[in-house]
Amino acid sequence: MDSRGVTYGPKAQKGDLAKLLRRSIERTEEDYSAPPPPEDDCPSYNGLPDDVLGHIISFLCENNLVYEYRVLAYSVFNFEPLWKMAQISRGFWSQAKKRRKKFKDQDRRNYELYEQVREWEKNQDLSLAKHKGKHIREWDTTHITDISYLFEGMVNFDQDLSGWNLINCKSMIGTFTKTNNFAANMKGWNVGNVTTMEKLCLKSENFNADISGFDVSSVTSLQEAFKEVKIFNADVSEWNTKNVTTMRCCFSDARAFNGPLSGWDTTNVKNMSHMFSGARAFNQNLSNFNTCNVQNMQYMFHETRAFNNQSLFGWDVSSVTNMARLFASSVYAGDISLWSTANVKTMSDMFRFSRINKRSIEENWDFSGILVTSDQANMPFKHGRTHSHYNHGGPGPWMMNQHAMMMMMNMPPSDDDY
64 MDSRGVTYGP KAQKGDLAKL LRRSIERTEE DYSAPPPPED DCPSYNGLPD DVLGHIISFL
124 CENNLVYEYR VLAYSVFNFE PLWKMAQISR GFWSQAKKRR KKFKDQDRRN YELYEQVREW
184 EKNQDLSLAK HKGKHIREWD TTHITDISYL FEGMVNFDQD LSGWNLINCK SMIGTFTKTN
244 NFAANMKGWN VGNVTTMEKL CLKSENFNAD ISGFDVSSVT SLQEAFKEVK IFNADVSEWN
304 TKNVTTMRCC FSDARAFNGP LSGWDTTNVK NMSHMFSGAR AFNQNLSNFN TCNVQNMQYM
364 FHETRAFNNQ SLFGWDVSSV TNMARLFASS VYAGDISLWS TANVKTMSDM FRFSRINKRS
424 IEENWDFSGI LVTSDQANMP FKHGRTHSHY NHGGPGPWMM NQHAMMMMMN MPPSDDDY
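The sequence shown runs 64 to 481 under this note's numbering.
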């Protein structure tokens, strides 16, 4: 028995298990709405079975919940809870070093899987990737609902995980983030119920795993999914992205990526900001992108170095309100003269250091939606331009004159523009 009155069984002595994991509960005012568990409900660990595999998890309750629960969690494969998570009542506890997530009762299993994979990584010993004689490829993952950051930072991981059943998995946030030479076999994965793949391969290097067969039809977010990947060799061309609503920074700074995306369904995407910003090798056909619901395109092709001969002529941008720096510092020179821009509120530096044909833009675009404020914070041009740089065409929309147009593009006007 320790100073807090918790009794340890033969397999739960301090130091006997891998490590004592302290996870403090962060509580909000709402969390205190449920009554605390009675003090006599603190668990006793006498008589634990000899083959317990797991880790001690500590919960430190605040205010009147002054006692500490130290819970020995069974492995994900033979989970028998020693207490009820409901007693903690919507507590927060840390799953990973830089991540905090709200857990429900069943999610302790997700945590155990995470810790087992971490233990394998730490020791680099395949014998530790076994549970009761089963190799990692045979683990029962049927009840896993969250594999976020599961393989974060792993190097040279090439295990066969094709047998994993992830039918109940909902979240894959950062699952492969910061991996190096990751080549696990995941061809059998059923991820059809996953709703978010944010930061899926963020900052990964030499990603060689085959994820072409992933069913992403339920995914709503690919935000930063492949941001800053280096040497990304996976094929995602056939992904069904029909329910994705945000692709913000999806391939941002993925400097070697040049995979085909013409088959992606972008009908429901609202945010494409920074999507290819800094993707210097990318030069693929995007003419099939359905952009009718996109509202934000700021920095979308910012600093692209190869994207210069693809047609965006037919894009429907009628819902877009933000085009700030859309083509800034890019080499793109395609014809976008017929874009419907009436709803755009800001085009700040949209064509800064770009090669877009300024004359065709000037003659065809509608700038009536550009917000003009007293301090000109939302103006698409700089250097103190005022309303005098607009020509009002009677009942029609406000239109920029050529001088203001050049300022929007951050290009010096020619002599005949004055």
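Here a beta-carbon is modelled for each residue, glycine too, at the ideal position from N, C-alpha and C.
Paired residues, beta bridge with residue i - DSSP
| i | result |
| --- | --- |
| residue 268 | 243 and 293 |
| residue 284 | 259 and 309 |
| residue 384 | Answer by DSSP bridge pairing: none, since residue 384 is not bridged. |
| residue 223 | 248 |
| residue 218 | 243 |
| residue 234 | 209 and 259 |
| residue 330 | Answer is none; residue 330 lacks a bridge partner. |
| residue 359 | 334 and 385 |
| residue 409 | 385 |
Whole-number beta carbon distance between residue j and residue i, since they are thought to touch under 8 angstroms
| i | j | result |
| --- | --- | --- |
| residue 394 | residue 360 | Actually they do not touch by this definition, with Cβ atoms about 18 angstroms apart. |
| residue 345 | residue 376 | The pair is not a contact, with the Cβ atoms about 19 angstroms apart (cut-off 8 angstroms). |
| residue 366 | residue 340 | 6 angstroms |
| residue 288 | residue 272 | Residue 288 to residue 272, Cβ: 14 angstroms. No contact. |
| residue 371 | residue 405 | Not quite, the Cβ-Cβ distance comes to about 27 angstroms (not below 8 angstroms), so this is no contact. |
| residue 313 | residue 347 | With 8 angstroms as the limit, residue 313 and residue 347 do not qualify as a contact, their Cβ atoms being about 13 angstroms apart. |
Rounded separation between residue i and residue j - CA only
| i | j | result |
| --- | --- | --- |
| residue 399 | residue 176 | 50 angstroms |
| residue 297 | residue 417 | 31 angstroms |
| residue 306 | residue 274 | 18 angstroms |
| residue 369 | residue 268 | 21 angstroms |
| residue 355 | residue 180 | 43 angstroms |
| residue 201 | residue 253 | 15 angstroms |
| residue 391 | residue 213 | 37 angstroms |
| residue 203 | residue 311 | 34 angstroms |
| residue 209 | residue 358 | 30 angstroms |
| residue 264 | residue 244 | 12 angstroms |
| residue 199 | residue 223 | 8 angstroms |
| residue 328 | residue 237 | 23 angstroms |
| residue 431 | residue 381 | 13 angstroms |
| residue 255 | residue 283 | 12 angstroms |
| residue 46 | residue 300 | Here the chain has residues from 64 to 481 only, and residue 46 is not among them. |
| residue 229 | residue 295 | 24 angstroms |
| residue 227 | residue 333 | 33 angstroms |
| residue 407 | residue 262 | 29 angstroms |
| residue 293 | residue 433 | 38 angstroms |
| residue 338 | residue 174 | 32 angstroms |
| residue 422 | residue 364 | 21 angstroms |
| residue 419 | residue 234 | 40 angstroms |
| residue 424 | residue 318 | 29 angstroms |
| residue 322 | residue 211 | 25 angstroms |
Sequence-distant residues of its chain with Cβ nearer than 6 angstroms to residue i (five each side left out)
| i | result |
| --- | --- |
| residue 387 | 361, 409 and 411 |
| residue 302 | 279 |
| residue 225 | 248, 250 and 251 |
| residue 277 | 254 |
| residue 351 | 325 |
Residues near residue i by beta carbon distance below 8 angstroms, same chain, minus five either side
| i | result |
| --- | --- |
| residue 349 | 324, 325, 373 and 375 |
| residue 379 | 353, 354, 355 and 403 |
| residue 331 | 305, 306, 307, 308 and 356 |
| residue 316 | 290, 291, 340, 341 and 342 |
| residue 426 | 400 |
| residue 242 | 214, 215, 216, 217, 218, 220, 264, 267, 268 and 270 |
| residue 428 | 400, 402 and 404 |
| residue 437 | The pLDDT assigned to residue 437 is 46, lower than 50, so where the model puts this residue is not dependable, and the model offers no usable value. |
Cutoff 9 angstroms: residue i Cβ touching any chain C Cβ
| i | result |
| --- | --- |
| residue 310 | The chain labelled as chain C is not found in the depicted structure, where only one protein chain is given. |
Other residues of its chain near residue i: CB distance less than 7 angstroms, five sequence neighbours each side excluded
| i | result |
| --- | --- |
| residue 281 | 255, 256, 257, 258 and 306 |
| residue 240 | 212, 215, 262, 264, 265, 266 and 267 |
| residue 460 | Its pLDDT being 36, under 50, residue 460 is placed unreliably in this model, and the value from its coordinates should be taken loosely. For residue 460, where only same-chain residues beyond five positions count, the Cβ hits under 7 angstroms are 429 and 431. |
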